[in-house]
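Worksheet: one structure, shown below.
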Amino acid sequence: LSWGCLIFPLRVSNSKLDWKLKIVLVIFPLLPILLYCWLGDSCQLNQYWAWQRQENVVQQQMAQIKNPQQLIERLQNHLQADPNSAEGWYLLGKLYLDQNQYSNAESALKKASELSPKSIDVFVALAKANFFNHQGRLDQSILNELTKRVESADNPPVDALNLLAVNCYREKNYSQAVQYWQKALSLVAPNSPDSRALMDMISQAQKQEG
């Protein structure tokens, strides 16, 4: 969860959803972007993915970044030179997502997904961008593929489970939403902000189910 965000409807009034979105946790991966921009070496980047992610390091890097647009421009320059870099398009899409540039994020992540079609992390990021870019709705093709990937994975990404749960909730399929959120709950740390948010949404869905 440290690289993504959980999104939930804030309130439900009878059958009407208030689709303001609550960001529970967002810690954006600026360090791999810096590595990609400044080292330009996918080997170095791949080594970073294998490291344990340390939030204090990321936060220190974030504190030093005054203008995210500079990072976007650096990434764009690298991608002009290396347009077939799935890592580059993925990082650009994640940075756009962090800057609430959802249309740009979706375009970049589509390219990343085309270049790395088997990566569930890339596809989940694409689904998230699609969700935000279409006012809290997933395109049917994205929804179908996301469902397929989640159902075939032993431990699917929590963000993927949450997106599917939110979609089910929106369609008033509360029992399925509960199942997705319960699966997500089993994958997060107990007594964490994420677990508490998930338990709240499970309780809310169960109340709606009656």
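The sequence shown maps to residues 326 to 535 in the working numbering. Backbone N, C-alpha and C define an ideal beta-carbon position, used for all residues, glycine too. Source: prediction; values computed, not measured.
- How do the stretch 477 to 487 and the stretch 504 to 520 stand: do at least 3 beta-carbon pairs fall below 8 Å, yes or no? These segments touch.
- Task: Name the two residues that bound the continuous alpha helix (DSSP H) containing Asn455.
- Result: Residue 455 sits at position 130 when you count from the first residue of the sequence shown. Here the alpha helix (DSSP H) through Asn455 covers Ile445 to Asn458.
- Task: May I ask you to verify whether the stretch 400 to 416 touches the stretch 433 to 444, counting CB pairs closer than 8 Å and requiring at least 3?
- Result: Yes, since at least three Cβ pairs between the stretch 400 to 416 and the stretch 433 to 444 fall closer than 8 Å, the two stretches touch.
- Is the distance from the Cβ of Asn458 to the Cβ of Tyr427 below 7 Å? Counting from 1 along the sequence shown, the entry for residue 458 is found at position 133. Counting from 1 along the sequence shown, the entry for residue 427 is found at position 102. Their beta carbons are under 7 Å apart, which means Asn458 touches Tyr427 by this criterion.
- Task: Go ahead and label Asp525 buried or exposed: buried means 16 or more other beta carbons lie within 10 angstroms of its beta carbon, across all protein chains shown.
- Result: As a working note, residue 525 is residue 200 in the sequence shown. Label assigned to Asp525: exposed.
- Pick out whichever of Ile445, Glu398, Asn425 and Glu496 has its Cα sitting closest to the Cα of Glu470. Locating residue 470 in the sequence shown gives position 145, where the first residue counts as 1. For Glu470, the closest of Ile445, Glu398, Asn425 and Glu496 by C-alpha to C-alpha distance is Ile445.
- Whole angstroms is fine: what's the gap from Ser477's alpha carbon to Phe448's? To locate residue 477, count along the sequence shown from 1; it is residue 152. To locate residue 448, count along the sequence shown from 1; it is residue 123. Each residue's alpha carbon lies about 14 Å from the other.
- Message: Can you find the residues in the same chain that come closer than 6 Å, C-beta to C-beta, to Leu422, ignoring five residues on each side of it along the sequence?
- Response: In the sequence shown, the residue the question calls residue 422 occupies position 97. Excluding residues within five positions, the ones whose Cβ falls inside 6 Å are Ala430 and Ala454.
- Could you pull out every residue in the same chain whose Cβ sits closer than 6 Å to the Cβ of Asp407, ignoring the five residues on either side in sequence? Mapped onto the sequence shown, residue 407 falls at position 82. No residues qualify anywhere along the chain.
- As assigned by DSSP and simplified to three states, the class of Glu496: Residue numbering aside, residue 496 sits at position 171 when the sequence shown is read from its first letter. Coil at Glu496, not helix or strand.
- Item | Integer-rounded CB distance, given that Thr472 should sit under 8 Å from Leu489 | Translated into the one-based positions of the sequence shown, residue 489 becomes position 164. Translated into the one-based positions of the sequence shown, residue 472 becomes position 147. Going by Cβ atoms, the distance from Leu489 to Thr472 rounds to 6 Å, so yes, they are a contact pair.
- Item | CA-to-CA distance, His403 to Gln501, given in whole angstroms | Counted from its first residue, the sequence shown places residue 501 at position 176. Counted from its first residue, the sequence shown places residue 403 at position 78. Distance between the alpha carbons of Gln501 and His403 is about 43 Å.
- Quick one: using the 10 Å Cβ neighbour count with 16 as the cut-off for buried, is Ser410 buried or exposed? As a working note, residue 410 is residue 85 in the sequence shown. Residue environment for Ser410: buried (at least 16 other C-beta atoms within 10 angstroms of its C-beta).
- Query: Taking Cβ to Cβ, would you say Ala530 is nearer than 7 Å to Val491?
  - Reply: Residue 530 sits at position 205 when you count from the first residue of the sequence shown. Residue 491 sits at position 166 when you count from the first residue of the sequence shown. For Ala530 and Val491, no; Cβs fall outside 7 Å.
- What are the start and end residues of the alpha helix (DSSP H) that includes Tyr399? Residue numbering aside, residue 399 sits at position 74 when the sequence shown is read from its first letter. A small fix is needed here, since residue 399 is Arg in this sequence, not Tyr. The continuous alpha helix (DSSP H) containing Arg399 extends over residues Pro393 to Ala406.
- Message: What does the Cβ neighbour count give for Asp519, buried or exposed, with the cut at 16 atoms within 10 Å?
- Response: Counted from its first residue, the sequence shown places residue 519 at position 194. Asp519 is buried by the Cβ-count criterion.
- Neighbourhood of Trp506 by C-beta, 8 Å cutoff - its chain only, sequence neighbours within 5 removed: For the purposes of this step, residue 506 is taken as residue 181 along the sequence shown, with counting starting at 1. Excluding sequence neighbours, Trp506 sits near Leu486, Asn487, Ala490, Leu523, Met526, Ile527 and Ala530.
- Task: Determine the direct distance from the alpha carbon of Gln405 to that of Leu396, and round the result to whole angstroms.
- Result: The count along the sequence shown starts at 1 and reaches residue 396 at position 71. The count along the sequence shown starts at 1 and reaches residue 405 at position 80. Spanning the two alpha carbons is a distance of roughly 14 Å.
- Message: Let me make sure I understand the geometry here. Which of Pro442, Arg399, Lys443 and Asn425 has the alpha-carbon closest to that of Gln460?
- Response: Sequence index remark: in the sequence shown, residue 460 carries index 135 (1-based). Selected option, being the one with the closest Cα: Asn425.
- Message: Is it buried or exposed, Lys443, if we count other Cβ atoms within 10 angstroms and call 16 or more buried?
- Response: In the sequence shown, the residue the question calls residue 443 occupies position 118. Its Cβ having fewer than 16 others within 10 Å, Lys443 is exposed.
- Between Glu534 and Tyr494, is the Cβ-Cβ spacing less than 7 Å? Reading the sequence shown from its first residue, position 209 is the one you call residue 534. Reading the sequence shown from its first residue, position 169 is the one you call residue 494. No, the pair does not count as a contact, with Cβ atoms beyond the cut-off.
- Task: In angstroms with no decimal places, state the Cα-to-Cα distance between Lys536 and Arg474.
- Result: With the chain covering 326 to 535 only, the question about residue 536 has no answer from this structure.
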